[in-house]
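Going down the list, the sequences are from chains A and V.
Residues 1 to 14 in the working numbering are what the first sequence lists, from first letter to last.
Residues 1001 to 1257 in the working numbering are what the second sequence lists, from first letter to last.
For each residue, glycine too, the CB sits at the ideal point set by N, CA and C.
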Amino acid sequence: YSNQSTLSSFYGTR
Amino acid sequence: MLELRLVQGSLLKKVLEAIKDLVNEANFDCSSTGFSLQAMDSSHVALVALMLRSEGFEHYRCDRTISIGMNLTNMAKMLKCAGNDDIITIKADDGSDTVTFMFESPSQDKISDFEMKLMEIDSEHLGIPDTEYQSSIKMPSQEFLRICKDLSSIGDTVMISVTKDGVKFTTSGDIGTANIVCRQNTSVDEPENATEIKMQEPVSLTFALRYLNSFTKATPLANIVTLSMSADLPIVVEYKIGDMGYVRYYLAPKIEE
């Protein structure tokens, strides 16, 4: 029922 | 020139066991602040952040900020050869393509050195802001391990819900469903047996149990684990390494279609 999100959708690269 | 001497070498052995299943290879960043690492798993769903502050080492020399790329499986193989009571020294010369791990027995009657090839690793660092989380739970790390392990036998994902009544772990699978509720309990003999729930806002998020189970490999590092959650943000699972630093794991949530 749900999709796995990835960390890049929450945090930008630096 | 880099030279780091860690009297409690077992800490480094435990750190490697805690991260090597999640990440195959990583750059360790050495600066005057400490020995640190930030690395994502291959699917970019989970991230591990390690910090070992320089004050925690008996001797810490790092002439300039450098990044050394290591294969963690190979590093763990070498560190397994150190005794639990051994003092571990990590050495790397400027421009060298190898790192040396030296193990000294407490009575100094056995000294070993292992040289390992370094590798060039392209890695991107994520900028993770310092945030106030809406909920945080401190609980015995053994209890968290038990919950993740038990629920994995029923389902693949866990919904973690924090309310003022406690924290609820819910899973479901082909054979049925399971709910485990932990209530705040600070009236225990030992502080490491306490469960403490801080909640500004109720939060409910769903995560893949496979990753949480992998995070519990850090259990030997700390008696207490802290889970920090805010709506629509990755969970942070933190194991403190004494007063020297931490291993933190970040896991992106499952999102409804």
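Check	Outcome
Give me the Cα-Cα distance between proline 1106 of chain V and valine 1007 of chain V, rounded to the nearest whole angstrom.	9 Å
Quickly, what does DSSP pair tyrosine 1250 of chain V with across the bridge? List them, please.	V:Leu1047 and V:Val1236
When you compare the CB positions of valine 1045 of chain V and alanine 1178 of chain V, do they come within less than 7 Å of one another, or not?	no
Taking just the CA atoms, how far does aspartate 1063 of chain V sit from serine 1032 of chain V?	8 Å
With H, G and I counted as helix, E and B as strand and the rest as coil, what does DSSP make of serine 1096 of chain V?	coil
Indicate whether at least one CB of chain C lies closer than 7 Å to the CB of proline 1220 of chain V.	Reference to chain C is not applicable here, since the protein chains of this structure are A and V.
Are any of the Cβ atoms in chain A nearer than 7 Å to that of isoleucine 1235 of chain V?	no
Tell me the DSSP bridge mates of valine 1162 of chain V?	V:Val1167 and V:Val1203
So valine 1045 of chain V contacts chain A; which residues on that side make the cut at Cβ distance below 8 Å?	Gln4, Ser5, Thr6 and Leu7
Excluding sequence positions up to five away, which residues of its chain have a Cβ less than 6 Å from the Cβ of isoleucine 1121 of chain V?	Glu1025, Asn1027 and Gly1069
Does the beta carbon of isoleucine 1255 of chain V come closer than 7 Å to any beta carbon on chain A?	yes
Rounded to whole angstroms, what's the CA-CA distance from aspartate 1232 of chain V to threonine 1089 of chain V? Just pull it up for me.	42 Å
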